[in-house]
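Data first, discussion second: the structure below is written as structure tokens.
Residue numbers (our numbering), protein chains in the order written: chain X, 1 to 260; chain A, 1001 to 1380.
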């Protein structure tokens, strides 16, 4: 963990905390090294422009820093991230928040497959739609609970093998009470919770999940996350529409297969 | 297959990841420089490991548009001489020349590369169609002439591929000197098979080109089925069989791309039961007839021929595929950033579902999935 002291000294010396890095033509390793250098030197806000597919942005930055990305960041954005706040002003690719520990990813657009893959903590907010297997293998430990909020709709296998945490899908362009297009939601799920505004695709629901009634605590959580979503993206999604809660039916759905 | 083995001098212990695919068709037929495909593919450098890359281009030989163009690889002078004699025995060679290349840092021991513009000898065709005659001889060459391979054999198109990173292969083959209305490109990360010149993508037969990311678990049964129909698998990789399956279904059996996609990535049985009766009957018939060409396992492919390009991923999309349109141009890629890099002001961007083909055809405006047109615009 880098020492925090230099940043204070730099701040006192009038070091510019808001700076811009041009990613054009940079390989991912060079870009991430530059980012690491300026954050270690004390920058508290960095703008990355002309990003074009560079991977692993924000990985291993254990600092409180805000990163704004213009362009399309590459796969595994914020992988293993521990603390930063990243805003993508457009679409993102696959693997956003892979095994993320803490911090915030806000995608002001759509994201690809496996958002929140194996995520352990922190929050991911996606304004629009996401691809396949979002929330795959998310996990939670005691009061550390990762959260993924999707403003639009998800493609299939949402919450696959999910072991913990919260997935909330708002389907904001679906009519109130509509059925979500995602098939096989919660396949292999054995922990955590999925909330959908509207209802899941019952003909193709994952075998390992069941519907559960919403409690007051669920409603409070949904209301809080929707408020955060609206604040991040300047939208007015209503939290008082009917929501569906999906939880696993067993903590060990494959116990009979793998256990001797 | 001593050649394939001897080319694998590169370490087999490299990290296995995933291949990178990129392709586009300008449905108005306007030609675009190869630099576009190169720039897009190079932005996905991490998807490959230097063990293979290649480009397919269409509309690049207008001066010989009516002749079959054979791009060939030969391991040495002897193999090339044998191949040369073979081709002249069975075809009228209108023109032949070395494929222009330049010395490129990191490109090791390239084979001899030649292109022939040929016309089948009618007297020898024996009732076969021209295309069947070409296929027959491509298979004969690839199975019987030691050290010689036909890389592509279509009209007004060609495949340029080898062992190297996308930028190296592009520099080596001088890709920037070609202009085509349709390009597909591949950055290879070989997983189960050796990296060697013939095993790089795209794979070609007639004017087909196929690039592939993934692995075909059903390879054995697919290969047997292709062999029953006269195709010989000689390239030591699963993608090759896809090329022959495409030729069988879409050329010989005249299935449109939409139905070929339903064969390769058939809906799961429980999904099939939910289809309306007529469509269910059609999909069931396809599954029953062509069950042996179901491509099981994770894959995304881009298939192209003159005038048509299709992107397709497996039925549960275990490999990525992104599509976008800008005017008359339809793009498909493994990664969205690569499309944004070469095209500004994209009109539609979408992630096709598993088994949902993305098809672009010459003379038809790119088609957008109906579900996207029903929705209000994202940025309203």
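Where is the CB? At the ideal position from N, CA and C, for every residue including glycine.
Identify the contact partners of residue i in chain A, using a Cβ-Cβ distance below 7 Å as the criterion.
i, result
"residue 72(X)", "1336, 1337 and 1340"
"residue 94(X)", "1320"
"residue 132(X)", "1317"
Shorter than 8 Å from the beta carbon of residue i to some beta carbon of chain X?
i, result
"residue 1317(A)", "yes"
"residue 1378(A)", "Because the pLDDT at residue 1378(A) is just 42, under 50, the model does not fix this residue reliably, and the value given afterwards should be weighed accordingly. For residue 1378(A), the answer is yes, since a Cβ of chain X falls inside 8 Å of its Cβ."
"residue 1043(A)", "yes"
"residue 1171(A)", "no"
"residue 1274(A)", "yes"
Listing by chain order, which chain A residues have their CB less than 9 Å from the CB of residue i?
i, result
"residue 55(X)", "1046"
Express the C-alpha separation of residue j and residue i in angstroms, rounding to a whole number.
i, j, result
"residue 166(X)", "residue 1205(A)", "50 Å"
"residue 1068(A)", "residue 1364(A)", "26 Å"
"residue 1280(A)", "residue 1270(A)", "11 Å"
"residue 1062(A)", "residue 1130(A)", "20 Å"
"residue 1176(A)", "residue 1158(A)", "14 Å"
"residue 1305(A)", "residue 1172(A)", "24 Å"
"residue 1334(A)", "residue 1189(A)", "13 Å"
"residue 256(X)", "residue 1233(A)", "41 Å"
"residue 1012(A)", "residue 216(X)", "Residue confidence is low: residue 1012(A) scores 46 on pLDDT, short of 50, so the model does not pin down where it sits. No coordinate-derived value is stated."
"residue 277(X)", "residue 1209(A)", "Because chain X is modelled from 1 through 260, residue 277(X) falls outside the range shown and cannot be assessed."
"residue 52(X)", "residue 1132(A)", "44 Å"
"residue 235(X)", "residue 107(X)", "14 Å"
"residue 1301(A)", "residue 1021(A)", "8 Å"
"residue 133(X)", "residue 156(X)", "6 Å"
"residue 148(X)", "residue 1320(A)", "21 Å"
"residue 25(X)", "residue 1075(A)", "37 Å"
"residue 1103(A)", "residue 1162(A)", "13 Å"
"residue 1246(A)", "residue 1037(A)", "23 Å"
"residue 1231(A)", "residue 1138(A)", "10 Å"
"residue 1253(A)", "residue 131(X)", "34 Å"
"residue 250(X)", "residue 205(X)", "15 Å"
"residue 1219(A)", "residue 1201(A)", "17 Å"
"residue 1151(A)", "residue 73(X)", "35 Å"
"residue 1057(A)", "residue 1083(A)", "24 Å"
"residue 1187(A)", "residue 1347(A)", "26 Å"
"residue 1112(A)", "residue 1303(A)", "27 Å"
"residue 199(X)", "residue 124(X)", "22 Å"
Of all the CB atoms in chain A, is at least one closer than 8 Å to the CB of residue i?
i, result
"residue 52(X)", "yes"
"residue 212(X)", "no"
"residue 113(X)", "yes"
"residue 5(X)", "Model confidence at residue 5(X) stands at a pLDDT of 36, short of 50, so the residue's coordinates are unreliable; what they give is reported in the following sentence. Chain A contact via Cβ: absent."
"residue 240(X)", "no"
Listing by chain order, which chain A residues have their CB less than 8 Å from the CB of residue i?
i, result
"residue 91(X)", "1336 and 1349"
"residue 203(X)", "1274"
Can you list the residues of chain X that residue i reaches, using a CB-CB cut of under 8 Å?
i, result
"residue 1353(A)", "155 and 156"
Mind checking whether residue i and residue j have CB atoms under 8 Å apart?
i, j, result
"residue 1242(A)", "residue 1310(A)", "no"
"residue 1213(A)", "residue 1019(A)", "yes"
"residue 1287(A)", "residue 1313(A)", "no"
"residue 128(X)", "residue 152(X)", "yes"
"residue 146(X)", "residue 121(X)", "yes"
"residue 1223(A)", "residue 1307(A)", "no"
"residue 60(X)", "residue 80(X)", "yes"
"residue 222(X)", "residue 168(X)", "yes"
Only counting the same chain, and skipping five residues up and downstream in sequence, which positions put a Cβ closer than 8 Å to that of residue i?
i, result
"residue 1369(A)", "1350, 1352 and 1356"
"residue 1315(A)", "1265, 1266, 1267, 1268, 1354 and 1355"
"residue 1106(A)", "1050, 1164, 1165 and 1168"
"residue 170(X)", "149, 150, 151, 152, 197, 226, 229 and 237"
"residue 1284(A)", "1272"
So, at 6 Å on beta carbons, what are the nonlocal neighbours of residue i in its own chain, with the 5 sequence-adjacent residues on each side left out?
i, result
"residue 86(X)", "58, 67, 78 and 105"
"residue 1343(A)", "1326"
"residue 1240(A)", "1203 and 1233"
"residue 117(X)", "95, 98 and 136"
"residue 1298(A)", "1214, 1314, 1318 and 1319"
"residue 1229(A)", "1248"
"residue 193(X)", "166 and 247"
Below 7 Å CB to CB, which residues in the same chain sit around residue i once its five sequence neighbours on both sides are set aside?
i, result
"residue 1250(A)", "1257 and 1260"
"residue 1095(A)", "1064 and 1117"
"residue 55(X)", "28, 74, 75 and 76"
Examine chain B for any beta-carbon lying closer than 8 Å to the beta-carbon of residue i, and answer yes or no.
i, result
"residue 1278(A)", "Although the question refers to chain B, the structure presented lacks it and instead comprises the protein chains X and A."
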